[in-house]
Each structure stands twice: as structure tokens, then as C-alpha cells.
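To keep things clear, I will list the structure first and then write my remarks on it.
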Amino acid sequence: MCFSAGASFTAGAVISAVGVATIAKVHKPSQKLFAIIPLLFGIQQLAEGCVWLTLQNPGHEIIQKISMYLFLITSDVLWPVIIPGSILLMEENTKRRNIIRILLGAGAVLSIYYAICLISFSVTPQIINCHINYGGAFIPALMIPAFLTYIIVTVTPMLVSGIKGMYWLGILMFIGSVVTVIFYIKNVTSVWCFFAAIISVGIYRVIRQDPRPG
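Take the position in the sequence shown, starting the count at 1, then add 15; the result is the number in my numbering.
What follows is the structure, given as C-alpha cells:
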């Protein structure tokens, strides 16, 4: 959540609760990775809440660095592989699985790129126009191509999947990404994760709609 510390902590708490409820609805092993996504979103938002607090109250550099990297590693390194990977585990159709497997490979490459950037460049979070901007974390010329790849590898698996409710979840994520790019392009990492966090409720519904044991 990018608008304030209070908003981040509130969102983190609510989304974490949704995450616990989602995990409780799991009925087969293949759903487990997908079901933990809302809980990870919640932790991610709590981490950014800590970043907000440290930016508003200087003198807590160690807490800021830990919180910032927890947020960035989750948002940039984990999601490009966890989202397609979790859907691949659930998908049963062979043709759809092959497409999702390709997207997972692209996501893995993107995750490696983001990990290298986080290791190689100094990250300086700043509050700009009521949002957190993580300046200096990535190669400027590759930011837009990398983000477009990010959208492809995280949204397309949902659109490809034949799992009940997954298609509409993908549509919702795509709309969120479009709104992010149009209105919040300078703070895309923080704002996109806010929209993605909203999707947690959709993930709960997908898991709840498939009660068949496996």
C-alpha cells in the first residue's frame, strides 16, 4: 500500500487475515503454493509500512533497509516465479501447462535480473507525492520492458488457466496494472503491489470454489 504507513499496516493486517483464511480452505497439495500468496502479500504490505515509518522518523536505517529489501525481494524477485509456478501446479490441462511453463521460465529470468539489480545498485526509498519511490534500484532503460515482462508472466498464466475463477482474477490484475502505469508510473513498484494485494480476495474465492480433494 503506497499512500501512508497507517494504510500499509491496515492493509497488511487485513490481507494477512485473508491469507490465513485462504490457507484454511486448501483441500489438495497442488493448491498450497497459490494459497499462501495472500499471506505473502500481507507481509509485504507490513514491510512497506515499516519503510514509511522509517522515512518519516529518521534514525532507523537498519530497520529501513531490512523492511525495504523484504518488500522489494517479495515484489520483484518472488512474484514472477511464485505466481506462474503456483498456477502450473494447479493446472491439469497439458496444453495450458506447457504455455504456463514457458511463462514460468521467463519469470525466472526476470527474477534473476531483479535480484542482480538489487545486489548491484544502491536503493534509496523516498516519499514523493504521497507514494514511496524506490529510486536507483534498476537500470532506467530496462524499467519499462522489465515491468511489461512482469505483467506478462504474472497475469497471463491466470488468463491461460482453465481453473474456475482464474480468468476473471487475471482480468482484475490486468486492470490494476493498466491503472498503475497510467496514473502512477513513477511509483510503479509500490502502487502495483497495492492493486495486486487487492487480488488476495480473488485468490481466496478461487481456492474456495474448488473444494474437491486431491
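Where is the CB? At the ideal position from N, CA and C, for every residue including glycine.
Could you pull out every residue in the same chain whose Cβ sits closer than 8 Å to the Cβ of residue i, ignoring the five residues on either side in sequence?
i      : result
Gln79  : Cys65, Val66, Thr69, Leu70, Pro140
Ile178 : Ile102, Met105, Glu106, Val221, Asp225
Leu48  : Ile97, Gly100, Ser101, Leu104
Give a yes or no on whether 7 Å exceeds the smallest Cβ distance from residue i to chain C.
i      : result
Thr109 : Included in the structure is just one protein chain, with no chain C present.
Using the three-state DSSP reduction, which class does residue i fall into: helix, strand or coil?
i     : result
Gly74 : coil
Val35 : helix
Counting only the same chain and skipping the five closest in sequence on each side, list residues whose C-beta sits under 6 Å from that of residue i.
i      : result
Ser192 : Ile166
Ile52  : Ile218
Lys40  : Ile222, Arg223
I need the straight-line Cα distance from residue i to residue j, nearest angstrom please.
i      : j      : result
Leu87  : Tyr129 : 9 Å
Phe162 : Thr89  : 15 Å
Tyr182 : Asn72  : 43 Å
Met214 : Ser23  : Strictly speaking, residue 214 in this sequence is Ile, with Met absent from that position. The alpha-carbon atoms of Ile214 and Ser23 are separated by roughly 15 Å.
Leu133 : Ile77  : 16 Å
Pro228 : Val29  : Its pLDDT being 47, under 50, Pro228 is placed unreliably by the model, and nothing is read from it.
Ala50  : Ser19  : 27 Å
Ala212 : Gly185 : 13 Å
Ile127 : Ile190 : 26 Å
Ile115 : Val175 : 7 Å
Thr25  : Leu54  : 14 Å
Thr169 : His75  : 34 Å
Suppose the cutoff is 7 Å on Cβ atoms and the five residues either side in sequence are ignored; what does the same chain contact list for residue i look like?
i      : result
Gly180 : Arg220, Val221, Gln224
Val216 : Val33
Task: Complete runs of the beta strand (DSSP E) confined to the stretch 138-191 [at least 3 residues] - done: Taking only runs of at least 3 residues, the beta strand (DSSP E) segments lying wholly in the stretch 138-191 are 139-143, 146-150.
Task: the stretch 112-120 / the stretch 55-64 touching (three or more Cβ pairs under 8 Å) - done: The stretch 112-120 vs the stretch 55-64: no contact.
TODO: Return the chain-ordered ranges of every alpha helix (DSSP H) run that is complete within the stretch 47-127 and spans a minimum of 4 residues.
DONE: For the stretch 47-127, whole alpha helix (DSSP H) runs of length 4 or above, ordered along the chain, are 47-50, 52-71, 76-87, 94-105.
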